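Report on the following structure.
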Amino acid sequence: MLNSKTLSGAGLGLRREMLSHVLPSAQGMDFWEIAPENWIPMGGKYQKILRQFTEQNTFVCHGLSLSIGSPDPLDVNFVKAVKGFLDEHHILFYSEHLSYCSGNGHLYDLMPIPFTEEAVKHVVQRVKQVQDILERPLVLENVSYYAAPGQQMTEQEFTLSILKESGCMLLLDVNNIYVNSINHRYDASQFLAAMPSDKIAYGHIAGHYDEADDLKVDTHGADVIEPVWQLLQQAYELHGVFPTVLERDFNIPPLTELLSEVTHIKQLQQAAALANVSKRLA
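In the working numbering, the protein residues as written are 135 to 416.
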């Protein structure tokens, strides 16, 4: 069930503890992102508040437990529940991680899918199954990873193969590109440029933890640093301006501080849009 809303501008990941601060007004946010797993089980007051909020604002969903690369059978009942949630709240996109979090039980972490041709075929088959149930494209996020078991191809080659063969869309996480480029010693700009512009549904930006000069941990628990802002600006220059969500999952500061970072996203979008217009007119 697609709807007439469109996605643009800058958004913020919504947590239940934020509700009293953002309602009844949306604080000037262009859109919001929620994890369906955090809301599907909730009834009563929270479902009523969420329905009121989704009726008045644009939302996307970013899931936590689809486990698209898992060796376990796909949880079809869960996917059907997600479809019902998307339809009920008129939510534009459902995104998930290009990873897995289950194998003979829940693993409570996002595990790296082996970068192999066999894994590509496995993931593509599962993506198509999910899309058939959802009746909409699945959006997959390039994820941070700290080991590459059985690697036969690069992260870039693996990601591009999934996008091409499955028909899914891309959630372009700029911070994950930065983190991976440090941890796995590749060129962030080259990886960014290789991503297909027409596949980008929306983007993510977040802060991370500096474990060491050569080890960054994707935590979503800190402010965005300047090199990541610069990479986001480069992404807009390469691919055009795409909707972008600020993620903050813990160490959550006052809403005014989050709004300041969201405003910075908008400033970069506006600057890139003007620059792109100038290039076309030159």
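The C-beta atom is built at its ideal place from N, Cα and C for all residues, glycine as well. Just so it is clear, the structure is predicted and the values come from calculations on it, not from any experiment.
What did DSSP end up calling residue i once you bin it into helix, strand or coil?
i: Ser278; result: coil
i: Phe187; result: helix
i: Glu289; result: helix
i: Tyr180; result: helix
i: Ser412; result: helix
i: Trp363; result: helix
i: Ser233; result: coil
i: Leu244; result: strand
i: Tyr370; result: helix
i: Arg319; result: coil
i: Gly203; result: coil
i: Tyr224; result: Before going on, a small fix: residue 224 reads as His here, not Tyr. His224 falls in the coil class under three-state DSSP.
i: Leu294; result: helix
i: Val257; result: helix
i: Gly218; result: helix
i: Thr397; result: helix
i: Asn314; result: helix
i: Phe384; result: coil
i: Thr250; result: coil
i: Ala406; result: helix
i: Ala356; result: coil
i: Asp332; result: helix
With burial defined as no fewer than 16 other Cβ atoms inside 10 Å of the residue's Cβ, what is the status of residue i: buried or exposed?
i: Val210; result: exposed
i: Phe376; result: buried
i: Ala281; result: exposed
i: Pro170; result: buried
i: Leu408; result: exposed
i: Thr378; result: buried
i: Thr353; result: buried
i: Gln401; result: exposed
i: Ala416; result: exposed
i: Val194; result: buried
i: Tyr343; result: exposed
i: Thr192; result: buried
Between the alpha carbons of residue i and residue j, how many angstroms are there, rounded?
i: Trp166; j: Val156; result: 11 angstroms
i: Gln190; j: Lys298; result: 35 angstroms
i: Pro361; j: Gly162; result: 26 angstroms
i: Asp221; j: Asp347; result: 45 angstroms
i: Thr390; j: Ala253; result: 43 angstroms
i: Leu372; j: Ile311; result: 15 angstroms
i: Leu294; j: Phe187; result: 36 angstroms
i: Leu184; j: Arg260; result: 30 angstroms
i: Val396; j: Gln403; result: 11 angstroms
i: Ile296; j: Ala356; result: 30 angstroms
i: Ala406; j: Leu380; result: 18 angstroms
DSSP puts residue i in a beta bridge; with which residues?
i: Asp307; result: His338
i: Ala144; result: Thr378
i: Val351; result: Tyr343
i: Trp166; result: Leu146, Phe193
i: His155; result: DSSP, once it has assigned bridges, lists no residue as partnering His155.
i: Val273; result: Ser229, Met303
Segment contact, 8 angstroms Cβ cut-off, at least three pairs: the region 362-369 with the region 321-339:
yes
Inspect the CB distances between the region 267-287 and the region 298-307 and report whether three or more fall short of 8 angstroms.
yes
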